[in-house]
Each structure stands twice: as structure tokens, then as C-alpha cells.
RNA sequence: CGGGGCGUAGCGCAGCGGUAGCGUAUCUGCUUUGGGAGCAGAUGGUCGCCGGUUCGAUCCCGGCCGCCCCGACCA
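Residue numbers (the numbering used here): 70 to 650.
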């Protein structure tokens, strides 16, 4: 493809609304353009990388045995009412919905569990027809609270979504495992440095789930990892081993009141009493759809609200207002303690961080007073401990006890063991060997195509632009004609371009009437892995320059050998995991 | 949902009660030709929308829409 006949405009200035480097570079390279908040156009150049990403997903899914199909994007409310997700997604304002001329309600699908389940329920009646994994790669819609980072969190985006149907849990394990393997191959082929972590299943529902995280500073998620044993989890889901506590080994002292005038906050009490925050026990009052709860944890820790929601089995969790705190606990905000809550009509949950606590400081249950010497067992009578404190860097690994580290990651893929949540709700059942009717056991899987492409840019760029992995580059090779005004030089460039095209190479040809500097800048910005400079001083010796974008190495080769040299370099960059077309 | 900010040329921005400017991009000419060239000239704007104040509004006021950022309470 010749640039002179292409539709491509690079821009020098950084777009004002771009925050993430991938957004900046993809926009500057002319590969995408914003149409509205979270809604983007892909230019021909941008579409090429997007399609290559999509193609890798499709190839690996087909190889794994999954079958591609197409489900509707426009879906009727009735379908969503069957699973109960219409109400839930509507209340979260995630769903784009609309009405037809007959006032029927529809949504633009953010995912397709209901549609695929209704399809399978109509077709599958026997265990003999299982297992089966179906997938599609189609546009999805989510009315995100805050779309941002360009392709990373859009409201309209291309997503792979796969669904497995099995007769039992062992079958699900196998289907899930096949997806896991396909995911690993996909992200490897995309040239990404990724990690797989345990995750919270969230609104989709289900039991086990794992996220595929591309490590990058712009990542929206925090992931906890243990370098020693390989444990990894989204921070929302992460557990920790037992943290050393200041009261370890101490003998319980007497409970005594201590006046703390005007000091309701942890930091204020810590300073006033000259203690550490870890010696304190704090009580947070939350409101949920099933009533108020008090969460008890150590003073230096934060609540992991996702973990707390799961522990409580609730969907909504917000900190209570001051009035609600008082009416629930009988104590003003800042002075709630775990020992004066018995008899109150409120659920009390304690985090493991306060297990065995003695000589702790906490609220006395009345304004301007705290207590010292609190023993959690003796004074508060707490017996059951859950785990809902947010993991911190340096906390002990839940498996091996070595220190955890926290990094940022971009969630490019997610796999869930769904179980029978949808198949039960929607009566997607089959008859087993014994003639009994059972719900199918489902798994659900997703990969953000545009997000994966953007993640590749996050991981592969430098000050001058994108450094595409070969597999995702819009074109693998670019020929730069240095002085097209010179007839002989132009013919050489044309000739090389023609020869590469003839042998099927993926080549872009900058034949514009521009100065070399402009072309070099654009070449770096667009990030084609291989560049061939034709013209100028090298051509005077009958040579062209072969430039590798990733390491900026330059090698002069005779024009006559250029095709072979490009082929060899391309082979070298492709590495061992290339899959034939 | 709350707070803050911004909507002026394709892009980045300035401006101001008297009908609009800079950089860049684009077009033309000349010069130039290995890392976003120089000079000269030119094109390009319902100043987000609606209403109000005013002799006069891009500017002031009100409303709406759009967009960006931060936050969503850790007692």
C-alpha cells in the first residue's frame, strides 16, 4: 500500500483529552479518532492492527475447539428478565437500552449469556451433545460510568465472548482449562508481558475466575503478586497471610476508659495517645440492601469493599451517614467500639486482622472517649473472623508467607466458572446417562480486542512512538523513499516495493513527496517493525538501509539482496510462536 | 451521583462589551532535501446551543448540551 493513495493523517500535537500513552500514540499515529466519549473511529491503519488482534483470538479459539457463531447485539428485555440481569444492570446504569415503535424494550448487549443460553437450551437435550464451547467476536456496549484511556475503556468496543456448556463440574474444568490455554497463546502471540491472577467474578456471577493482566502503569486494576510462590490475585480478591500484630505475645490488661477530647479519627487518636495505628481497632458502619453492618478491622488497614460484599452476600455497600451510625450503634461517628454492640440489631463482622487482639485501643461508644486494654475475645465476644482487609505491599503471602508486591495491570481477558446460575434461571437443561434432568454447567470467557491492542502499545513504545510487536503491527514493513523526486531513486524504491508485494509481504510504502525527516518521524510514530530506507547516500553505493524499530539497528544491504534481507529479518522478529496464515 | 474545569479554524491555544487572533496543519510559488526546513502569499470560524441584559454579546447573566479531570465518605 502506498501512503500517497492511503487515508492516513498523523498529528504532531498531543490530543487534549488523551491521558494514557496508548491513547496519545494511537491518536497521533492517525490510527483512531474520538467521535464521542468512549466512542472511537478506527482509521484504515488502526483497523489493520485491530483486525490482526482479532484474528489471533479467532485462530486460537478455533484451534482450541471452540465454535464461532453470531448472537444478536440488539436484545429484547424479556431475555434479560429471565436471568434477572435486566434489573441489576439497569440499576447500575450499565445497560444501553431503547424502545422500538411498539414500545418494546431492548438493550444493546454488553455480554451475551442469555442469548447463548437460550440458543443452547433450544438445541441441547442430551449429555451426548455436550460439551460445546461457542464464541463470537462482536461489538459490545456498556454505558461506563467513566469511559477513559481511549480504546481501553470505551462504551462501544470489540470483545471476544465465549461460553462453554458441560454436563458436570469436571467437564467445566476441562473447558475452562482449554480456554486458559488459548488465552495464554493469544497474549503470547500478541507479544504481551502478562500475568494471570485470581479475580472477583463481579456482576457476571459465578465461582472461580481468573484475570489476564498486562502489567502497565496505566492499568486500572491493582494486582497482588508473590514473587516467591507465584500467587497472584486482583487486589479486590487478594487475601494475605497473618500480619504480625503489636499485641502478639502480650498479656491482656484491664479495660479502661481514656478521654480523647475532639479526637474521632484514627490519626488523631494515634497522635494524642502516642500509639501506632495498628494497635487500634476500627469499626466501620455500612449500609446494605439487607440492613446495616459493622465491619471491624485493625486501625492501619483499609476495608476491601469487594471482599466485604462477598462476605456479606450483598450487592450494594456504602458507608453509613453520621445519623445512621448513631442510630445503629448508639455511638457518634469516630467513637464506635466492638465491645458495646451486643444487643444492637446489627450484623457485626470482624476481619482476621483483629483475631487474638489484646490491649487494643478503640472507641468507647460515647463522644470524646476511647478505651485501652480491649481484648477482642474477652470484651467483644467476637468468635468468627472473615477476611476483608485490603492487601498492602509487603503483607505476607497467603500461601507461602513471603512479602507480597502490588503492581498495576490492564485486564485484557477474564475467564469464569459460571456453574449453573444461568442454566438454572433459564432452564437450560439436558438429560444425563441416568435419564435425569440437570442444568448444564457453564463457563464464560471474555477478551477485550481493542484493549489488548492498546495494552500492546502501553508495553511497547518509546519517546518517538509505537514499537509494534510484529504480530500486531498495522504493516510489518515500511519502505521509505528518501527522495522520490529523483527518478532513479524513485524507481529503486518502486521496484523494491513491487518485489515485496509480489512475494506477499505486508508492506507499506511511504512514497510521499516529503522531506526525509518528516518520513522518519512518521515511521517511528507509526512503529512499523521493519523499515527500509531507499535513496540518499546508501543508494549511491547501490545499497538500502534496513532499520529495526525495536532496537534502532541499521544495516546497509545491496539493493539486489534487499528482499532476501527483509525476509530474513522478518523471520527473526517473528520468533518461535508464529502461526502460519 | 458529588466537586472542579473546559467548549473559539482539522489539531493545540490566546483573546475580549464594538462582528476574532497565534502556532500548527492545509493550498500556491520560490528556495531547500538524511530526523517534523525557510521565505512570501492564500484558504479556513453559525466563538457548543437556547434565552436574557445591552444601542451592540464570542465576552456579562440564566438554562441546556457536550467534553475532561478528581472524588464517591476508611470514622
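Backbone N, C-alpha and C define an ideal beta-carbon position, used for all residues, glycine too. Note that the coordinates shown come from a computational prediction; the quantities given were computed from them, not determined experimentally.
Residue 486 vs residue 276 beta-carbon contact at 7 Å: In the first chain, residue 486 corresponds to position 417, counting from 1. In the first chain, residue 276 corresponds to position 207, counting from 1. Taking the C-beta atoms as reference points, residue 276 is found nearer than 7 Å to residue 486.
DSSP state of residue 303 mapped onto helix, strand, coil: For the purposes of this step, residue 303 is identified with residue 234 of the first chain, where counting begins at 1. If DSSP states are grouped into helix, strand and coil, residue 303 belongs with the strands.
Where do the ends of the beta strand (DSSP E) carrying residue 198 lie? On the first chain, position 129 is the one that residue 198 refers to. Per DSSP, residue 198 belongs to no beta strand (DSSP E) and is neither H nor E.
Helix, strand or coil for residue 409? Go by DSSP, reduced to three states. Stepping through the first chain from its first residue, residue 409 is reached at position 340. Judged by DSSP in its simplified three-state form, residue 409 adopts helix.
Just how far apart, CA to CA, sit residue 514 and residue 422? Taking the first residue of the first chain as 1, we reach residue 514 at position 445. Taking the first residue of the first chain as 1, we reach residue 422 at position 353. Taking the straight line from one Cα to the other gives about 34 Å.
List the residues that DSSP assigns as beta-bridge partners of residue 480. Against the first chain, residue 480 aligns to sequence position 411. Bridge partners of residue 480: 282.
Completely contained beta strand (DSSP E) runs for the stretch 582 to 609, where each covers 3 or more residues: Here the runs fully enclosed are 599 to 603.
Secondary structure, beta strand (DSSP E): runs of 3+ residues fully inside the stretch 189 to 267: Runs found: 201 to 210, 225 to 235 and 263 to 267.
Could you check which residue in 404, 400, 424 and 420 has the C-alpha nearest to that of residue 413? Taking the first chain and counting its residues from 1, the one referred to as residue 413 is at position 344. In terms of CA proximity to residue 413, 400 leads the group 404, 400, 424 and 420.
Assuming residue 632 is part of the alpha helix (DSSP H), what are its boundary residues? Along the first chain, one-based indexing puts residue 632 at 563. Its alpha helix (DSSP H) spans residues 631 to 643.
Spatial distance of residue 379 from residue 257 (CA atoms): Residue 379 sits at position 310 when you count from the first residue of the first chain. Residue 257 sits at position 188 when you count from the first residue of the first chain. Spanning the alpha carbons of residue 379 and residue 257 requires a straight line of approximately 33 Å.
Once DSSP output is grouped into helix, strand and coil, what is the label at residue 152? For the purposes of this step, residue 152 is identified with residue 83 of the first chain, where counting begins at 1. It is helical.
For my contact list, residue 456 and residue 308 are in at a C-beta cut-off of 8 Å; report their separation, rounded to the angstrom. Numbered from its first residue, the first chain carries residue 456 at position 387. Numbered from its first residue, the first chain carries residue 308 at position 239. Between residue 456 and residue 308 a beta carbon distance of about 5 Å is seen, short of the 8 Å cut, so the two are scored as contacting.
Terminal residues of the beta strand (DSSP E) in which residue 113 lies: Here residue 113 refers to the residue found at position 44 when the first chain is read from its first residue. Looking at the DSSP string, residue 113 is not in any beta strand (DSSP E); the run it does join, the alpha helix (DSSP H), is 113 to 133.
Is the beta carbon of residue 427 closer than 7 Å to that of residue 319? Within the first chain, numbered from 1, the residue matching residue 319 stands at position 250. Within the first chain, numbered from 1, the residue matching residue 427 stands at position 358. Yes; because the gap between Cβ atoms is below 7 Å, this pair is in contact.
Beta-carbon contacts of residue 36 that lie in its chain and below 6 Å, excluding the five residues immediately before and after: In the structure as shown, the chain begins at 70 and stops at 650. Residue 36 is therefore absent and cannot be evaluated.
Can you tell me the Cβ-Cβ gap for residue 95 and residue 526, rounded? I've got them flagged as a contact below 8 Å. Residue 95 sits at position 26 when you count from the first residue of the first chain. Residue 526 sits at position 457 when you count from the first residue of the first chain. Taking C-beta atoms under 8 Å as the contact rule, residue 95 and residue 526 qualify, at a distance of about 6 Å.
Residue 75 to residue 481 span [Cα, whole Å]: The count along the first chain starts at 1 and reaches residue 75 at position 6. The count along the first chain starts at 1 and reaches residue 481 at position 412. Going by the C-alpha atoms only, they are around 31 Å apart.
DSSP state of residue 577 mapped onto helix, strand, coil: By 1-based counting over the first chain, the position of residue 577 is 508. It is a strand residue.
Contacting residues, own chain, Cβ-Cβ under 6 Å from residue 566 (five flanking each side not counted): One-based indexing of the first chain puts residue 566 at position 497. Taking residue 566 as the centre and dropping the five residues before and after it, the same chain places the C-beta of 548 and 578 closer than 6 Å to its C-beta, in chain order.
Alpha-carbon to alpha-carbon, residue 312 and residue 350: What you label residue 350 is simply residue 281 of the first chain in a count that begins at 1. What you label residue 312 is simply residue 243 of the first chain in a count that begins at 1. Straight-line Cα distance between these residues: approximately 14 Å.
Please go through the same chain and pick out, in chain order, the residues whose beta-carbon is closer than 6 Å to the beta-carbon of residue 269, but skip the five residues on each side of it. Stepping through the first chain from its first residue, residue 269 is reached at position 200. Around residue 269: 305, 306 and 375.
Tell me the residue span of the beta strand (DSSP E) that contains residue 498. Indexing the first chain from 1 puts residue 498 at position 429. Where residue 498 is concerned, the enclosing beta strand (DSSP E) stretches over 498 to 500.
Counterpart residues of residue 419 in DSSP-defined beta bridges: Sequence index remark: in the first chain, residue 419 carries index 350 (1-based). Among the bridge pairs identified by DSSP, residue 419 is matched with 365 and 454.
The alpha helix (DSSP H) enclosing residue 571, as first and last residue numbers: Taking the first chain and counting its residues from 1, the one referred to as residue 571 is at position 502. Element bounds for residue 571: 556 to 571.
Does the stretch 403 to 410 come into contact with the stretch 353 to 368, if we say contact requires no fewer than three beta-carbon pairs (one atom in each stretch) closer than 8 Å? Result yes; three or more Cβ-Cβ pairs closer than 8 Å.
Roughly how many angstroms lie between the CA atoms of residue 259 and residue 284, to the nearest whole one? The residue you call residue 259 lines up with position 190 of the first chain. The residue you call residue 284 lines up with position 215 of the first chain. Going from the Cα of residue 259 to the Cα of residue 284 covers about 14 Å.
Which residues in the same chain have their Cβ closer than 8 Å to the Cβ of residue 251, if we skip the five residues on either side of it in sequence? Translated into positions along the first chain, residue 251 becomes position 182. The residues are 129, 130, 132, 133 and 135.
Whether residue 537 touches residue 605 by CB criterion (7 Å): Against the first chain, residue 537 aligns to sequence position 468. Against the first chain, residue 605 aligns to sequence position 536. Their beta carbons are not under 7 Å apart, which means residue 537 does not touch residue 605 by this criterion.
8 Å CB neighbourhood of residue 222 in its chain, flanking five on each side removed: Your numbering for residue 222 matches position 153 in the first chain. Excluding sequence neighbours, residue 222 sits near 107, 213, 215, 216, 289 and 520.
Distance, residue 202 Cα to residue 504 Cα: The sequence position of residue 504 within the first chain is 435, counting from 1. The sequence position of residue 202 within the first chain is 133, counting from 1. Spanning the alpha carbons of residue 504 and residue 202 requires a straight line of approximately 23 Å.
By Cβ distance, which residues of its chain are closer than 8 Å to residue 146, with the 5 residues on each side in sequence left out? Residue numbering aside, residue 146 sits at position 77 when the first chain is read from its first letter. Only 155, 166, 173, 174, 175 and 176 meet the Cβ criterion.
Would the beta-carbon of residue 122 fall within 7 Å of that of residue 98? Taking the first chain and counting its residues from 1, one reaches residue 122 at position 53. Taking the first chain and counting its residues from 1, one reaches residue 98 at position 29. No, Cβ-Cβ distance for residue 122 and residue 98 is not below 7 Å.
If you draw a straight line from the C-alpha of residue 649 to the C-alpha of residue 598, how long is it? Mapped onto the first chain, residue 649 falls at position 580. Mapped onto the first chain, residue 598 falls at position 529. Confidence in residue 649 is poor, its pLDDT being 49 and thus under 50, which makes the residue's placement too unreliable to answer from.
Mapping DSSP to helix, strand and coil, what is residue 516? The residue you call residue 516 lines up with position 447 of the first chain. The DSSP-derived three-state label of residue 516 is strand.
Measuring CB to CB, does residue 15 end up less than 7 Å from residue 533? Absent from the model: residue 15. The displayed extent of the chain is 70 to 650, so no value can be given.
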